[in-house]
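What follows is a single structure, written as structure tokens, with notes after it.
Protein chains in written order, with the working numbering: chain H, 14 to 422; chain D, 4 to 438.
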């Protein structure tokens, strides 16, 4: 295909051609970044938590009048819950993965360190990883006799008498690798505040409650503290997926019966909890898809409109070419090539723009660098859209009969 | 003349119905999307207390040891209980209030109502006059009540509706946990948004239903809600166990009526930090901040990133729609160049042609703008029905309505100017000849 006549025609429609190139460039740049952001969100939404999500339900209660003994209250609740048919395991916990509000601690490898090495989610609760189904890959779980009542621990911390505090923990593999890269974390120690803690077990995975950042989402540990019943703790119950609704209902009834002086503040399956955590990401992904569709549609319609005009304007020229021996295929290819050229200019410009937008987003929205793979995605999309959009008008052009050449318009 | 141009424009637009519809739709979609997102952005970055926010300040001091959990040079975002009390009792500002968030169990007298938990604010007396809360009945408590740990509360209109059917409940009793309180006042609908005085409990669409004297609440071990940051051997506590001395969990607000007073107060904070360092409580050199409400909100980046991103996307989309319309309009005008040539040859001036073409593009812009406004209303309706915490706030106020109108007119003029100018550059003779 000879490009020179096309280019010389376009030179006569410079403004219009540039507008179309600009439109394609903008669309290409936004689409590249939007597709990338969708991928980013989807990846985040598929984050693993390391627990048996479909088998878990959560119940949280708040006392109307504080219990005289919160520890006895919790022990009795746990016993009551274990009696419910279909319940496989129960634990009291201060948080669940992806719950949002969280409890975290700064971890230091050396007590003299000025800044913590990392911040990790701190889970408190006996039998917790077993109930949640967090798999142990090395060492052991925490033993019941290692757990201490929270108020004793907090008092000891306040007075600085930390000698008798529980000095063991179970951490995730991700946290171990970050603290001691390439080494076995088992038996190693770190500091939480002034207290040295020894790693006795390693979990395959356990996401933290505030897993907003993928890089630090799997830094979690379990500490042997027993908080007793208060409104910030909740019961996590393991059962079979098909029994969840029934168990949830029975659990709430049993807990209310054990102590009527309280209100249920949360009762949900773990799946509901997870869905809520990613609600905004899902909405944003939806919006991004909408924007991509709208942009491509508007651009495609713009190309159709413009091509139709050009075809109408060039009827005589087309007629002359046909009269001089150009086939219908020649005419069709002419318009297709013209569009391909414009799209290519637009795409090249769009790539530069896409890179610029990505730099801006990296600066202001903590988005990673746009991987090179997304550039051809945008390019292919725009080429395809352009060719499809121009097909109709180009076909119409190819049907212009040669006899038009002999007539005045 | 205008009527004639309008007639010509409508005639010309009717000739290419599909194309006209496409141009109008593109502008409408672009404006609709940008106005929806811009309105949300505008609402979310608004001033929570117009007229007052300029004189309200949030003092921050830095009591951390060198190896603080919180990285960076900024002081912690809240105060320790001790610093809060010290600054409160210093009374160096025109007004000052120390506060934190919580939740309290309400035990209704009526047997028909089950007990329930509501969000609460534990605060000192100046909260009400300082923030200019509107009262429906009664008033707040005073500083003497604070010190006496009085069993008094202020409730909001929602709770008053629920418990007393909206009647004047001042002087009546309210059972919270196992303690009986006297209701001192009932707030009118008052819920500043963003919830600037404590962003830890949620920034938007959050309203406490019970306001309780801070010392009373701590005395009764009411539950604490909100963020706690600790360092050293501090532990955050849980439920009825309060955070340790080396934890920040209190918010402190002051009213300083003149910039000079604000400057003095900052000096006072530095002086206070030096004093505490001399006493051995503070380790670092004085590290203080004194931001007013809007500075505080901007420092805390209270507007969600996603909302700003959506606004950017919408304007990108609008730009594409505009470029699209400009291109189509230009092609259309140039296609009709023959007709324009005839009019030029018959004596119409360039200016007259320009005006005529501008009317044509103006019609497209105006119709698109109206469509955009309707789409924005629809868009805001959709936003209101989404589960985000700011959903209920998404309404078009007069400012944004005016902005929409300006944007529509501006966009249509932009879309019309270039094509109209380009098209009336035609030499009349040339056009006539080619036909």
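Here a beta-carbon is modelled for each residue, glycine too, at the ideal position from N, C-alpha and C. Here the structure is a predicted model, which is why all the values come from computation and not from measurement.
Coarse secondary structure for residue i, derived from DSSP in three states
{"i": "residue 344 (chain H)", "result": "helix"}
{"i": "residue 171 (chain D)", "result": "coil"}
{"i": "residue 250 (chain D)", "result": "strand"}
{"i": "residue 318 (chain H)", "result": "helix"}
{"i": "residue 388 (chain H)", "result": "helix"}
{"i": "residue 346 (chain D)", "result": "helix"}
{"i": "residue 264 (chain D)", "result": "helix"}
{"i": "residue 232 (chain D)", "result": "strand"}
{"i": "residue 140 (chain H)", "result": "coil"}
{"i": "residue 45 (chain D)", "result": "helix"}
{"i": "residue 20 (chain D)", "result": "helix"}
{"i": "residue 288 (chain D)", "result": "coil"}
{"i": "residue 99 (chain H)", "result": "coil"}
{"i": "residue 187 (chain D)", "result": "strand"}
{"i": "residue 78 (chain H)", "result": "coil"}
{"i": "residue 130 (chain D)", "result": "helix"}
{"i": "residue 441 (chain D)", "result": "The shown model of chain D, from 4 to 438, leaves out residue 441 (chain D), and the question about it has no answer."}
{"i": "residue 202 (chain H)", "result": "strand"}
Exposed unless 16 or more other CB atoms sit within 10 angstroms - verdict on residue i
{"i": "residue 184 (chain D)", "result": "buried"}
{"i": "residue 19 (chain D)", "result": "buried"}
{"i": "residue 234 (chain D)", "result": "buried"}
{"i": "residue 66 (chain D)", "result": "buried"}
{"i": "residue 351 (chain H)", "result": "buried"}
{"i": "residue 261 (chain D)", "result": "exposed"}
{"i": "residue 146 (chain D)", "result": "exposed"}
{"i": "residue 108 (chain H)", "result": "buried"}
The alpha helix (DSSP H) enclosing residue i, as first and last residue numbers
{"i": "residue 323 (chain D)", "result": "308-338"}
{"i": "residue 382 (chain D)", "result": "353-387"}
{"i": "residue 226 (chain D)", "result": "Run containing residue 226 (chain D): none in the alpha helix (DSSP H); it sits in the beta strand (DSSP E), 226-228."}
{"i": "residue 297 (chain D)", "result": "296-302"}
{"i": "residue 285 (chain H)", "result": "283-290"}
{"i": "residue 60 (chain H)", "result": "Run containing residue 60 (chain H): none; DSSP gives neither H nor E here."}
{"i": "residue 265 (chain H)", "result": "257-271"}
{"i": "residue 88 (chain H)", "result": "83-95"}
{"i": "residue 331 (chain H)", "result": "328-336"}
{"i": "residue 163 (chain H)", "result": "163-172"}
{"i": "residue 129 (chain H)", "result": "No alpha helix (DSSP H) contains residue 129 (chain H), which DSSP labels as neither H nor E."}
{"i": "residue 229 (chain H)", "result": "Element bounds for residue 229 (chain H): n/a, residue is neither H nor E."}
The beta strand (DSSP E) enclosing residue i, as first and last residue numbers
{"i": "residue 255 (chain D)", "result": "254-258"}
{"i": "residue 138 (chain D)", "result": "138-141"}
{"i": "residue 216 (chain D)", "result": "213-216"}
{"i": "residue 61 (chain D)", "result": "59-63"}
{"i": "residue 415 (chain D)", "result": "Not the beta strand (DSSP E): residue 415 (chain D) falls in the alpha helix (DSSP H), residues 401-426."}
{"i": "residue 207 (chain D)", "result": "Here residue 207 (chain D) belongs to no beta strand (DSSP E), and DSSP marks it neither H nor E."}
{"i": "residue 117 (chain H)", "result": "117-121"}
Cβ-Cβ separation, residue j to residue i (assumed contact under 8 Å), whole Å
{"i": "residue 56 (chain D)", "j": "residue 215 (chain D)", "result": "Actually they are not in contact, since the Cβ atoms of residue 56 (chain D) and residue 215 (chain D) sit about 25 Å apart, beyond 8 Å."}
{"i": "residue 205 (chain H)", "j": "residue 118 (chain H)", "result": "5 Å"}
{"i": "residue 135 (chain D)", "j": "residue 202 (chain D)", "result": "Not a contact, Cβ separation roughly 20 Å."}
{"i": "residue 60 (chain H)", "j": "residue 227 (chain H)", "result": "7 Å"}
{"i": "residue 377 (chain D)", "j": "residue 399 (chain D)", "result": "11 Å between Cβ atoms; not a contact."}
{"i": "residue 44 (chain D)", "j": "residue 311 (chain D)", "result": "7 Å"}
{"i": "residue 159 (chain D)", "j": "residue 212 (chain D)", "result": "5 Å"}
The ligand GDP heavy atom lying under 7 Å from the CB of residue i
{"i": "residue 311 (chain H)", "result": "By its list of ligands, the structure shown contains no ligand whatsoever, and the ligand GDP lies outside what it can speak to."}
### Query
Per the contact definition of three or more C-beta pairs closer than 8 Å, is the segment 254-269 of chain D in contact with the segment 75-87 of chain D?
yes
### Query
Are at least three pairs of beta-carbons, each pair with one atom in the segment 352-363 of chain H and one in the segment 22-32 of chain D, less than 8 Å apart?
no
### Query
Is it a yes or a no for the segment 260-274 of chain H touching the segment 85-105 of chain H, going by three-plus beta-carbon pairs under 8 Å?
yes
### Query
How do the segment 33-45 of chain H and the segment 82-91 of chain H stand: do at least 3 beta-carbon pairs fall below 8 Å, yes or no?
no
### Query
Contact between the segment 288-302 of chain H and the segment 46-58 of chain H: three or more CB pairs below 8 Å?
yes
### Query
Per the contact definition of three or more C-beta pairs closer than 8 Å, is the segment 130-148 of chain H in contact with the segment 226-244 of chain H?
yes
### Query
Just checking, does the segment 98-110 of chain D make contact with the segment 194-201 of chain D on the three C-beta pairs under 8 Å criterion?
yes
### Message
Is it the case that the segment 138-149 of chain D contacts the segment 168-179 of chain D, given that we only count it when at least three CB pairs across the two stretches are under 8 Å?
### Response
yes
### Query
Between the segment 172-192 of chain H and the segment 25-32 of chain H, do at least 3 Cβ pairs fall closer than 8 Å?
no
### Query
How do the segment 310-324 of chain H and the segment 333-349 of chain D stand: do at least 3 beta-carbon pairs fall below 8 Å, yes or no?
yes
### Query
Just checking, does the segment 328-346 of chain H make contact with the segment 403-411 of chain H on the three C-beta pairs under 8 Å criterion?
yes
### Query
Counting pairs of beta carbons, one from the segment 387-397 of chain H and one from the segment 40-51 of chain H, are three or more of them closer than 8 Å?
yes
### Message
Pairs of beta-carbons, one from the segment 245-258 of chain H and one from the segment 65-78 of chain H, closer than 8 Å: are there three or more?
### Response
yes
### Query
Does the segment 280-288 of chain D touch the segment 108-120 of chain D, meaning 3 or more C-beta pairs lie closer than 8 Å?
no
### Query
Can at least three beta-carbon pairs, one atom from the segment 412-429 of chain D and one from the segment 346-366 of chain D, be found at a separation below 8 Å?
yes
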